[in-house]
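K.L.:
I'd like to ask some things about the structure below.
There are 2 protein chains.
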Amino acid sequence: MLLKISFESPTPIYQQIRDQIILAMAKEALLPGENLPTVRQLAKDIGVNPMTINKAYNLLKDEGYLVIDRRQGARIQDAGLLKNEKTEYLIEALELILSEAKLKGVTKEELSKVILRIYGKRRD
Amino acid sequence: MLLKISFESPTPIYQQIRDQIILAMAKEALLPGENLPTVRQLAKDIGVNPMTINKAYNLLKDEGYLVIDRRQGARIQDAGLLKNEKTEYLIEALELILSEAKLKGVTKEELSKVILRIYGKRRD
DNA sequence: TGCTTGTATTATACTATATAATACAGACTA
DNA sequence: TAGTCTGTATTATATAGTATAATACAAGCA
Numbered sequence: 000m001l002l003k004i005s006f007e008s009p010t011p012i013y014q015q016i017r018d019q020i021i022l023a024m025a026k027e028a029l030l031p032g033e034n035l036p037t038v039r040q041l042a043k044d045i046g047v048n049p050m051t052i053n054k055a056y057n058l059l060k061d062e063g064y065l066v067i068d069r070r071q072g073a074r075i076q077d078a079g080l081l082k083n084e085k086t087e088y089l090i091e092a093l094e095l096i097l098s099e100a101k102l103k104g105v106t107k108e109e110l111s112k113v114i115l116r117i118y119g120k121r122r123d
Numbered sequence: 000m001l002l003k004i005s006f007e008s009p010t011p012i013y014q015q016i017r018d019q020i021i022l023a024m025a026k027e028a029l030l031p032g033e034n035l036p037t038v039r040q041l042a043k044d045i046g047v048n049p050m051t052i053n054k055a056y057n058l059l060k061d062e063g064y065l066v067i068d069r070r071q072g073a074r075i076q077d078a079g080l081l082k083n084e085k086t087e088y089l090i091e092a093l094e095l096i097l098s099e100a101k102l103k104g105v106t107k108e109e110l111s112k113v114i115l116r117i118y119g120k121r122r123d
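Protein sequence lines correspond, in order, to chains A and B. Using this note's numbering, the first residue of the first sequence is number 0, and each one after it goes up by one. Using this note's numbering, the first residue of the second sequence is number 0, and each one after it goes up by one.
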């Protein structure tokens, strides 16, 4: 698990952890069914309190990205079980980002590049 | 100025104000050169402290969206002066949102709809 | 001068974030 | 059964962000 945490950032540490796990899942650096480091191990690696990791894992669990098993620890959710969840809040967040991008002159072409980078070439 | 503020939201009020002004700018409900309500007026309308409005306006000023003039109050920045600003942080935020969208099964077609809604039909 | 503008100041209150040290419940394994 | 690994709960503490309140000030303008 390679996580780059900025302790100077205004973004809370547990949020940074949560975001980077989602990014890793999208780029398939973390695969469904795969185990994450234990709370204590990741806390040690990053140099933060175990409860901060616990908070990040629980956030991801509540959002449906992780399954937490007392025997094995945290595990990436199966792909099928993640789909068809509520996405309205994502659309709203997207509208805000796109509004800023439009106002700052980001072109449609640049947007397409980012979409291609995340989504790949599939045609749905 | 129609602003819908949620006092129960975990998003700070000044952030909500900032976000909605950007959304209004993107949909051209607020036009370059247009004046915003005064700090005191908007505070009265929404029912918050004037310093909360001040914080939102200053955030927008620092981001380049507003010009604050002691004579006339806050004014929407000219379109030309907003372009060519740094947009790396927007791309990063976009990557995160798109990662979540991908994992939750949002299709490319749905993304296109949102882009069309914000950007319109221009072809850049 | 008197009115408006944004801004600064000080104090207070509440909440979120993060840490620390400990302890506990459940499940595996030797 | 005892030991050891999971995640989790608890309590206390510290710091920072958010928001309010009341007041005051500087700048610009009629």
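Ideal Cβ placement from N, Cα and C applies to all residues, glycine included. All values derive from a computational prediction rather than experimental measurement.
1. Have a look at Ala28(A), Leu95(A) and Val105(A) and flag the residue whose alpha-carbon is nearest the alpha-carbon of Lys82(B).
2. Provide the residue(s) that pair with Asn48(A) in DSSP beta bridges, ordered along the chain.
3. For Arg39(B), does the count of other Cβ atoms within 10 angstroms reach 16, so buried, or fall short, so exposed?
4. What do you reckon, are the CB atoms on Leu35(B) and Met24(A) nearer than 8 Å?
5. Return the CA-CA distance between Asp61(B) and Pro49(B), expressed in angstroms with no decimal places.
6. Does the beta carbon of Gly104(A) sit closer than 8 Å to a beta carbon anywhere in chain B?
7. Cβ of Leu124(B) within 8 Å of Cβ of Leu95(A)?
8. Which runs of the alpha helix (DSSP H) spanning at least 4 residues fall entirely within the region 47-102 of chain B, listed in chain order?
9. Whose C-beta lies closer than 6 Å to the C-beta of Leu110(B) among residues of the same chain, with five residues either side of it excluded?
10. Does the distance from the C-beta atom of Arg74(B) to that of Glu33(B) stay below 8 Å?
11. For Ile114(B), which residues in chain A fall below 8 Å Cβ to Cβ?
12. List, in order along the chain, the chain B residues whose C-beta lies closer than 7 Å to that of Ile117(A)?
P.N.:
Reading off the structure:
1. Val105(A)
2. Paired residue(s): none; Asn48(A) is not in a bridge.
3. exposed
4. no
5. 18 Å
6. yes
7. Any answer about residue 124(B) is impossible in this case: the structure gives chain B only from 0 up to 123.
8. 49-61, 78-81 and 87-102
9. none
10. yes
11. Leu97, Lys107 and Leu110
12. Glu94, Leu97, Ser98 and Lys101
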